[in-house]
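A.B. asks:
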Amino acid sequence: MGDEIRAARRRRITNNIITITVGQGPESEKFLVHDFLLKENSKFFEAALNRQWIEGQEKKVNLPDDDPLIFSIYADWLFTGKIASKPEQLEQPEYEVNWPDVSEEQIIQAELYVLGEKLMDDAFCDCILRALVEVGKMKAWIGHEGYMPCRTAIRIIYNGTTHDSPMRKFLVDMYGYHGGKESFTEANVYGYPQEFLAGLVGSLIAKRDGQTAENPEDNLKPYFKCN
């Protein structure tokens with residue numbers, strides 16, 4: 001068998017390239033992506049590229065309300081399976097992580113999750129959740145145990161997801177388990193979405209009533225879309 005000249009047929013990837021225009025005006029960008037990657041991962045693209053619709057016939061899709069930077073990370077993930085959200089400076093061996101680096105990446109990941117829900121790509125959303133946890137575990141100084149998702153990232157998630165989004169549940173459980181009073185001072189509490197605070201209150205009441213709280217980072221499966 002090892003010396004056979006024949007090989008299994010492979011999928012042809014030179015045809016059916018889809019042009020996706022993201023953003024509006026001079027800031028917009030075009031992305032060329034194989035249709036099978038889009039259809040196999042995203043229910044949104046699977047429907048949009050149906051040949052009965054003009055997008056499927058012309059092999060063009062417009063996403064005027066989305067950010068080209070965010071979509072570029074999604075497109076990279078389709079090809080590589082990796083989330084390219086890490087700031088470049090973190091690749092430097094002697095670089096010390098700081099809060100602005102972390103919050104910047106958390107905000108990008110929140111926007112990526114919202115895009116994933118819009119495109120109905122459950123596997124991508126689950127990868128973003130794992131990436132968010134990975135960022136939170138970075139160490140900035142001795143004795144520091146990690147970073148909670150920042151308020152801006154939480155607002156982005158709550159503004160861009162449905163009420164039953166598993167990411168919302170994860171954020172509530174994260175703050176219910178790890179959060180301290182310093183996160184909710186009178187000066188900053190108004191920066192959190194009301195729905196998030198309501199969910200957190202319910203979580204804390206349940207804990208007070210004797211329900212066992214577990215670190216959500218230890219078991220992400222309940223927060224995954226693909227189970």
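Using UniProt numbering, the first residue of the sequence shown is number 1, and each one after it goes up by one. Glycine is no exception: its CB is placed at the ideal position from the N, C-alpha and C atoms. Bear in mind the structure is a predicted one, so any value in this text is a computation, not a measurement.
Please report how far the alpha carbon of V133 lies from the alpha carbon of G23, in whole angstroms.
C.D. replies: Cα to Cα, the separation comes out at about 29 Å.
A.B. asks: Out of curiosity, what's the CA-to-CA distance linking T152 and E104?
C.D. replies: Whole-angstrom Cα-Cα distance: 10 Å.
A.B. asks: Can you say whether D218 is buried or exposed, counting buried as having 16 or more other CB atoms within 10 angstroms of its CB?
C.D. replies: Exposed, by the Cβ-count rule.
A.B. asks: Between the C-alpha atoms of P216 and Y177, what's the straight-line distance to the nearest angstrom?
C.D. replies: Distance between the alpha carbons of P216 and Y177: 8 Å.
A.B. asks: Please list the terminal residues of the continuous beta strand (DSSP E) segment that includes I17.
C.D. replies: Run containing I17: I17 to V22, per the beta strand (DSSP E) assignment.
A.B. asks: Using the rule of at least 16 other Cβ atoms within 10 Å of the residue's Cβ for burial, across every protein chain shown, is R51 buried or exposed?
C.D. replies: So R51 ends up on the exposed side.
A.B. asks: Could you name the residues that DSSP lists as bridge partners for H34?
C.D. replies: H34 is bridged to I17.
A.B. asks: To the nearest angstrom, report how far apart N41 and L119 are at their CA atoms.
C.D. replies: So the alpha carbons of these two residues sit roughly 9 Å apart.
A.B. asks: Compare the beta carbon distance of F31 and L38 with 7 Å and say whether it is the shorter of the two.
C.D. replies: No.
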